[in-house]
Amino acid sequence: MRYPFFAIGLLLSSSFAQASVVVGGTRLVFDGTKNNAVITVENKDQNSNIVQSWLSVIDAASPAKDAFIITPPLFRLKAGEKGFVRVVRSGKKLPDDRESMFWLNIKGIPATEYVPDKNVVQFAINSKIKLIYRPAALKGNTPESYAEKLQWGKEGRR
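In mature numbering (1 follows the signal peptide of the UniProt record, and there is no 0), the protein residues as written are -19 to -1, 1 to 139.
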């Protein structure tokens, strides 16, 4: 009897969760015909945050993560401000016959104020989104080009 109340309480308390640093997308597609790709980062908190960003590989078969440079890797984002994380090619060779995928990590580290005799717990939230490199050789074979070729039809009464 005790567990259903615990589960309901847990569900109700989850609505109060709030992220202070919000990333402006769930993935970033790097077009091989362009020099860079940009994603927005917004601070929805009332305090300043430090934003740290870096790349990591998906698995051991992934191309090296030093094929890109993240700028700025570390910056301060004041309350209510928007910032940008720019991904730039470093010139290292990537496969031209297929897309390459990496993890783009963006961590929001909240500012803390030292208060003696007070216990405080703060979390640094790491948003891990996909960075997909689409080479210029695949320009005509994008998902967008196939979406234009889709045809919809209606059969029957429904």
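Built from N, CA and C at the ideal position, the CB exists for glycine as well.
> What number of angstroms, rounded off, separates the C-alpha of SER43 from the C-alpha of GLU80?
Replying inline: In this structure, the straight-line span from the alpha carbon of SER43 to that of GLU80 is close to 11 Å.
>> Taking its Cβ as the centre, do 16 or more other Cβ atoms sit within 10 Å of LEU55, making it buried, or is it exposed?
In response: So LEU55 counts as exposed.
> Going along the chain, which residues of its own chain have a beta-carbon closer than 6 Å to the beta-carbon of THR14, five neighbours each way excluded?
Replying inline: Correct list, in chain order: ALA117.
> How close, in whole Å, do the beta carbons of GLY5 and VAL22 come, if the pair is a contact with beta carbons under 8 Å?
Replying inline: Right, the Cβ-Cβ distance comes to about 7 Å (below 8 Å), so this counts as a contact.
> If you draw a straight line from the alpha carbon of SER37 to that of LYS120, how long is it in whole angstroms?
Replying inline: Straight-line Cα distance between these residues: approximately 25 Å.
> So what's PHE(-15) in DSSP terms, helix, strand or just coil?
Replying inline: Correct three-state label for PHE(-15): helix.
> In whole angstroms, what separates the C-alpha of residue 150 from that of SER71?
Replying inline: Lying outside -19 to 139, the shown extent of the chain, residue 150 is not represented and no answer is given.
>> With DSSP as the reference, identify every bridge partner of GLN33, one or two as the case may be.
In response: Looking at the DSSP assignment, GLN33 forms a beta bridge with LEU55, LYS88.
> Cα separation between LEU85 and ILE50?
Replying inline: Approximately 11 Å between the Cα atoms of the pair.
> Do you know offhand how far PHE(-15)'s Cα is from TRP35's?
Replying inline: About 41 Å.
> Who are SER108's beta bridge partners in DSSP?
Replying inline: Paired residue(s): ILE87.
>> Excluding the 5 residues flanking PRO53 on each side, which residues of the same chain have their C-beta closer than 7 Å to its C-beta?
In response: Hits under 7 Å: none found.
>> Let's test the definition: count the other Cβ atoms within 10 Å of the Cβ of TYR127 and tell me whether it reaches 16, buried, or not, exposed.
In response: By the 10 Å Cβ count, TYR127 comes out exposed.
> Is ASP26 buried or exposed, if buried means 16 or more other CB atoms sit within 10 Å of its CB?
Replying inline: It counts as buried.
> Which one of SER29, VAL68, LYS74 has the shortest CA to CA distance from SER1?
Replying inline: Nearest option by C-alpha distance: SER29.
>> Quick check on this structure: which residue in ALA45, LYS99, SER108 has the alpha carbon closest to the alpha carbon of TYR114?
In response: Checked all of ALA45, LYS99, SER108; the closest Cα to TYR114 is ALA45.
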